[in-house]
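Note that numbering that gives the first Met the number 0 has the sequence shown beginning at 0, numbered continuously upward. The next block holds one structure in the form of structure tokens; read it before the comments.
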Amino acid sequence: MSAERPDGANILEARGLSLRFGGATIVDDVSLAIPEGLFVSIIGPNGAGKTSFFNLLSGLYRPTAGRVLLDGADLSGLPPAARVRRGLGRSFQLTSIFPGLSTFENARLAAQAARAGNFAFWRSATRDRTVRERAVWALETVGLRGRDQALAGSLAHGDKRKLDLALLLCGEPRVLLLDEPTAGVSAEEVPIMLDVIHQIRRVEGKTILMVEHKMDVVHDLSDRVAVLANGRLVAYDTPATVMADPFVRSAYLGVT
Ligand SMILES: Nc1ncnc2c1ncn2[C@@H]1O[C@H](COP(=O)(O)OP(=O)(O)OP(=O)(O)O)[C@@H](O)[C@H]1O
Ligand SMILES: [Mg+2]
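This is the structure we're talking about:
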């Protein structure tokens, strides 16, 4: 796929990634290069392999073939936590929220976990302060600062999704993998959530890969759109070009 920089210094790259389960090919020889700072959306029908592709990038699944590179370094064999520590962050999809702890404690633990592995860290008051500041900053960024002391389990669904995003930010990712971040979020909350994501991209300059079904959202936020169908990458271009492609429109967007 097209490299944006002449030196080919893409922050994230999939090279010939494939995933097969039994006889089924779930992800089929996908090569995709993401330049730093870009917002790339991944679209495609249900079952196209979008989540599976993310699982390969994040290390949750081991590819049948192919490689994932972060800043040119091969991540093969690295478990998910090691990939997170290198800057490849994936949203937790609510599974790592502790419902019985406050919103702030959840964020603090996520920030602390991101720094784990450094034993001396635990004795350092300065680093403890850094962790707290990181948690406060993440909650502020997603607009949950006012809900600091609320039990995470008592948050409305939309706020839980924001907390999920805050926990991801606590890990100080360089690349964010967001799998349908607005799924299940109420109609009034969707624009707020999208604003938060846009803010992360614009202010923080993060590279974002987002799986999303809402075409207007994809069109407005993305620099590039990748289309997956039956596990294959069938298009990767600007939103305008991808959405004007008659083949993509009829076969994969259900537009005639
Ligand atoms: N662990 C697994 N074992 C077997 N099959 C799987 C596994 N994970 C995914 N699949 C299959 O792989 C295909 C792609 O699934 P995937 O969840 O990646 O699609 P998707 O594009 O994310 O779909 P959706 O838009 O519905 O989220 C589906 O046919 C699914 O049933
Ligand atoms: Mg999915």
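All C-beta atoms in this analysis are idealised placements derived from N, C-alpha and C, irrespective of residue type, glycine included.
Beta-bridge annotation (DSSP): ILE199 is not paired with any residue.
In this structure, GLY48 lies away from SER30, with their beta-carbon atoms at least 8 Å apart. Around VAL83, the same chain offers GLY170 as residues with beta carbons nearer than 6 Å, after the five sequence neighbours per side are excluded.
With fewer than three CB-CB distances shorter than 8 Å, the stretch 183-191 does not count as touching the stretch 121-138. The DSSP-derived three-state label of THR94 is coil. Counting C-beta atoms within 10 angstroms of its own C-beta, GLY22 has fewer than 16 neighbours from the protein chains shown and is therefore classed as exposed. Rounded to whole angstroms, the gap between the alpha carbons of VAL67 and THR50 is 15 Å. If you draw a straight line from the Cα of THR125 to the Cα of ALA13, it comes to about 38 Å. Of the heavy atoms belonging to ligand 1, none sits nearer than 7 Å to the Cβ of LYS213.
In this chain, the alpha helix (DSSP H) harbouring ARG128 covers 124-141. Closest option to ASP27, judged by alpha-carbon separation, among ARG107, ALA228, ARG173 and ASP147: ALA228.
Taking all protein chains shown into account, ASP215 has fewer than 16 neighbouring C-beta atoms within 10 Å of its C-beta and is therefore exposed. The straight-line gap separating the alpha-carbon atoms of ALA165 and ALA234 is approximately 31 Å.
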